[in-house]
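J.: A single structure is presented below for examination.
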Amino acid sequence: MITLFVKLVINLILLLREINSKGMVGFYDSSCPQAEEITAKIVTDALSVAPTLSGPLLRLFFHDCFVRGCDASVLLNSPTQQAEKDAVPNKSLRGFDIIDKVKTALEKKCPGIVSCADIVALVARDVVVKTGGSTWNVETGRRDGNISLLSDAIPNLPSPFADIGTLKTSFKSKGLSVKDLAVLSGAHTLGTGHCAAFKNRLYNFTGKGNSDFDPTMDSNYVNALRKKCTINGTDNLVQMDPGSSIVFDEKYYLQVSKKRGLFQSDAALLDDSETKTYVNDHKSGNADSFFQDFAVSMVNMGRIEVLTGTAGQIRKVCSRVN
Ligand code: HEM
Numbered sequence: 003m004i005t006l007f008v009k010l011v012i013n014l015i016l017l018l019r020e021i022n023s024k025g026m027v028g029f030y031d032s033s034c035p036q037a038e039e040i041t042a043k044i045v046t047d048a049l050s051v052a053p054t055l056s057g058p059l060l061r062l063f064f065h066d067c068f069v070r071g072c073d074a075s076v077l078l079n080s081p082t083q084q085a086e087k088d089a090v091p092n093k094s095l096r097g098f099d100i101i102d103k104v105k106t107a108l109e110k111k112c113p114g115i116v117s118c119a120d121i122v123a124l125v126a127r128d129v130v131v132k133t134g135g136s137t138w139n140v141e142t143g144r145r146d147g148n149i150s151l152l153s154d155a156i157p158n159l160p161s162p163f164a165d166i167g168t169l170k171t172s173f174k175s176k177g178l179s180v181k182d183l184a185v186l187s188g189a190h191t192l193g194t195g196h197c198a199a200f201k202n203r204l205y206n207f208t209g210k211g212n213s214d215f216d217p218t219m220d221s222n223y224v225n226a227l228r229k230k231c232t233i234n235g236t237d238n239l240v241q242m243d244p245g246s247s248i249v250f251d252e253k254y255y256l257q258v259s260k261k262r263g264l265f266q267s268d269a270a271l272l273d274d275s276e277t278k279t280y281v282n283d284h285k286s287g288n289a290d291s292f293f294q295d296f297a298v299s300m301v302n303m304g305r306i307e308v309l310t311g312t313a314g315q316i317r318k319v320c321s322r323v324n
């Protein structure tokens, strides 16, 4: 009898842990039934006015989840510029005003119910759908964190100069697989990068002078990029998937396979057999398989160190704690 009781308690604990770690689809179905619809409408309107916001809005979710988990810590402001958003890699983030717009609309409809962390996750999904990708069910029920530290950003966000080993370790530390790395890197089908993030590949790569470029980059591409990123010129923006940077498609993998990945971290996908196979399998079509994989990997990323139950809070305004 006692053993049966112990077994029941253990099963219950395991079940609760599973619900906690896996999150829940439709968390707001009864508390704020229109939450997802309202969010999607605001994303559609925002992208119709400013299509280049698609990249920044998708990137926000990644930068949120990799630092203190998906808790909207990336959205917090600090009066002394000591928050995550004040760290160098986050200075190029954009789209905070769109998240605020969604939050204002949802607070009006159902005050104190929908977390900023969930808004970031929903917006990322909506962006992919509006730009040509496939949809997925977003797990919701995340709560917002109360802490955001500049010093947490650099150690947790992978660098564009990272090699494949460092990237794999970074993803593993967040509970993500090598496949997730290959798949989520495909987000670079959208958006732009600053010269500063790849200029080292164009000039004096190994210290042999300005004609010395990264040999893992196609020389014609190097020449084209040098025109946009001159040695002492401005830190211009370059499309990561040229000609298709506001369309969510699988063409990123074609670029990488042609040694035209913009960052060393993109090129690094050719340095591991599993990630290289993924690139090659998706370089000429196979979009449906990428879209399906992307949905799974985004759900996986959305589970990083999520706050649930009574942890954290539901912020009233996404840029500050209540
Ligand atoms: C694998 C490691 C990754 C590295 C090292 C990396 C690095 C970068 C860098 C340096 C930029 C350019 C920022 C700028 O100069 O303005 C960028 C842009 C971007 N990243 Fe990543 N990223 C990685 C993974 C991801 C993931 C997992 C996602 C989302 C699922 C993502 C989504 C984006 C998007 C959409 C942009 C374009 C942003 C814009 O248009 O402003 N990245 N990334």
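Numbering (our numbering), first residue to last: 3 to 324.
Heads up, the beta-carbon is just placed ideally off N, CA and C, and yes, glycines get one too.
Quick caveat: nothing in here was measured; it's all calculated off a predicted structure.
Less than 7 Å separating the Cβ of T168 from some heavy atom of the ligand HEM?
T.: Start at 1 with the first residue of the sequence shown, and residue 168 comes out as number 166. No; taking the cut-off as 7 Å, the Cβ of T168 has no heavy atom of the ligand HEM nearer than that.
J.: Identify, in the order they occur along the chain, each residue of the same chain with its Cβ nearer than 6 Å to the Cβ of Y254, setting aside the five sequence neighbours on each side.
T.: The sequence position of residue 254 within the sequence shown is 252, counting from 1. Hits under 6 Å: G188, H190, T191 and D243.
J.: So, D165 versus I316, is the Cβ gap smaller than 8 Å?
T.: Residue 165 sits at position 163 when you count from the first residue of the sequence shown. Residue 316 sits at position 314 when you count from the first residue of the sequence shown. Not closer than 8 Å, so no.
J.: Run through the DSSP bridge pairs and tell me what L239 is partnered with.
T.: On the sequence shown, residue 239 is found 237 positions in, with the first residue counted as 1. Paired residue(s): H196.
J.: Alpha carbon to alpha carbon, how far is S94 from L62?
T.: Within the sequence shown, the letter at position 92 stands for residue 94. Within the sequence shown, the letter at position 60 stands for residue 62. Cα to Cα, the separation comes out at about 10 Å.
J.: Can you list, in chain order, the stretches of the alpha helix (DSSP H) that have 4 or more residues and sit fully within the stretch 13-97?
T.: DSSP runs (the alpha helix (DSSP H)) wholly in the stretch 13-97: 37-51 and 56-67.
J.: Taking DSSP as the reference, what is the three-state secondary structure of R322?
T.: For this step, residue 322 is matched to residue 320 along the sequence shown. R322: strand per DSSP, three-state reduction.
J.: Any idea if A126 is buried or exposed, counting beta-carbon neighbours within 10 angstroms, 16 or more meaning buried?
T.: Taking the first residue of the sequence shown as position 1, residue 126 is located at position 124. With 16 or more other Cβ atoms within 10 Å, it is buried.
J.: Alpha carbon to alpha carbon, how far is P157 from A226? Give it in angstroms, no decimals.
T.: Walking along the sequence shown from the start, residue 226 turns up at place 224. Walking along the sequence shown from the start, residue 157 turns up at place 155. Using only the alpha carbons, I get a separation of about 32 Å.
J.: Exposed or buried, A123, counting other C-beta atoms within 10 Å across all chains shown (16 or more means buried)?
T.: Working through the sequence shown from its first residue, we reach residue 123 at position 121. Per the 10 Å Cβ criterion, buried.
J.: Quick one: residues in its chain with C-beta nearer than 7 Å to the C-beta of S23, no 5 flanking neighbours on either side, listed in chain order?
T.: By 1-based counting over the sequence shown, the position of residue 23 is 21. Model confidence at S23 stands at a pLDDT of 46, short of 50, so the residue's coordinates are unreliable; what they give is reported in the following sentence. Taken in chain order, the residues that qualify are R305.
J.: Whose C-alpha, out of F292, F29, I115 and R322, is nearest the C-alpha of N139?
T.: In the sequence shown, residue 139 corresponds to position 137, counting from 1. Checked all of F292, F29, I115 and R322; the closest Cα to N139 is F29.
J.: Taking 7 Å as the line, does the beta carbon of S32 fall inside it for any heavy atom of the ligand HEM?
T.: Here residue 32 is taken as the residue at index 30 of the sequence shown, counted from 1. Because no heavy atom of the ligand HEM lies under 7 Å away, the Cβ of S32 does not count as near it: no.
J.: I'd like the span of the alpha helix (DSSP H) that includes V140, first residue to last.
T.: Position 138 of the sequence shown holds residue 140. V140 -> no alpha helix (DSSP H), and no H or E assigned at all.
J.: Can we count P53 as close to the ligand HEM, meaning its CB is less than 7 Å from some heavy atom?
T.: Looking up residue 53 in the sequence shown gives position 51. False, no ligand heavy atom lies under 7 Å from that Cβ.
J.: Flag A313 as yes when its Cβ comes closer than 7 Å to any non-hydrogen atom of the ligand HEM, and as no otherwise.
T.: Working through the sequence shown from its first residue, we reach residue 313 at position 311. For the ligand HEM, not one heavy atom lies less than 7 Å from the Cβ of A313.
J.: Tell me which same chain residues have a C-beta within less than 6 Å of the C-beta of L264, skipping the five on either side of it?
T.: Counting from 1 along the sequence shown, the entry for residue 264 is found at position 262. Same-chain partners within the cutoff: G195, F200 and M242.
J.: Excluding sequence positions up to five away, which residues of its chain have a Cβ less than 6 Å from the Cβ of I44?
T.: Counted from its first residue, the sequence shown places residue 44 at position 42. Counting only Cβ-Cβ distances below 6 Å, and skipping sequence neighbours, we find K103 and V104.
J.: With a threshold of 8 Å on Cβ separation, who are the neighbours of G177 within its own chain once the five nearest residues in sequence on each side are excluded?
T.: Position 175 of the sequence shown, counted from the first residue, corresponds to residue 177. Closer than 8 Å at Cβ, skipping near neighbours: N302, R305 and I306.
J.: For the stretch 294-301 against the stretch 179-187, do three or more pairs of beta-carbon atoms, one drawn from each stretch, fall closer than 8 Å, so that the two count as touching?
T.: Touching, yes, given that three or more Cβ pairs across the two stretches are closer than 8 Å.
J.: Just to confirm the assignment: which complete alpha helix (DSSP H) runs, minimum length 4, are found wholly within the stretch 219-307?
T.: Runs of the alpha helix (DSSP H) inside the stretch 219-307: 221-230, 253-259, 266-269, 275-283 and 289-303.
J.: Quick one: using the 10 Å Cβ neighbour count with 16 as the cut-off for buried, is A313 buried or exposed?
T.: Here residue 313 corresponds to residue number 311 of the sequence shown, with the count starting at 1. Exposed is the call here.
J.: Under the rule that 16 or more other beta-carbon atoms within 10 Å means buried, what is A85, buried or exposed?
T.: Taking the first residue of the sequence shown as 1, we reach residue 85 at position 83. Under this definition A85 is a buried residue.
J.: Exposed or buried, Q266, counting other C-beta atoms within 10 Å across all chains shown (16 or more means buried)?
T.: Along the sequence shown, one-based indexing puts residue 266 at 264. Classification of Q266: buried, given that the 10 Å Cβ count is 16 or more.
J.: Under 7 Å: does the beta carbon of S246 sit that close to some heavy atom of the ligand HEM?
T.: Against the sequence shown, residue 246 aligns to sequence position 244. For the ligand HEM, not one heavy atom lies less than 7 Å from the Cβ of S246.
J.: With contact counted as at least three CB pairs below 8 Å, one residue from each stretch, are the stretch 87-101 and the stretch 46-65 in contact?
T.: Result yes; three or more Cβ-Cβ pairs closer than 8 Å.
J.: Could you compute how far the alpha carbon of E20 sits from the alpha carbon of R203?
T.: Here residue 20 is taken as the residue at index 18 of the sequence shown, counted from 1. Here residue 203 is taken as the residue at index 201 of the sequence shown, counted from 1. Interpretation of E20 is limited by its pLDDT of 43, a score under 50 that renders its predicted location unreliable; the figure taken from the coordinates is listed afterwards. Approximately 45 Å between the Cα atoms of the pair.
J.: What is the rounded straight-line gap between the Cα of D283 and the Cα of M26?
T.: Counting from 1 along the sequence shown, the entry for residue 283 is found at position 281. Counting from 1 along the sequence shown, the entry for residue 26 is found at position 24. C-alpha separation (whole angstroms): 32 Å.
J.: Whose C-beta lies closer than 6 Å to the C-beta of K285 among residues of the same chain, with five residues either side of it excluded?
T.: Taking the first residue of the sequence shown as position 1, residue 285 is located at position 283. Y255, L256 and S259.
J.: Rounded to a whole number of angstroms, what is the C-alpha to C-alpha distance between T133 and F250?
T.: As a working note, residue 133 is residue 131 in the sequence shown. As a working note, residue 250 is residue 248 in the sequence shown. Taking the straight line from one Cα to the other gives about 5 Å.
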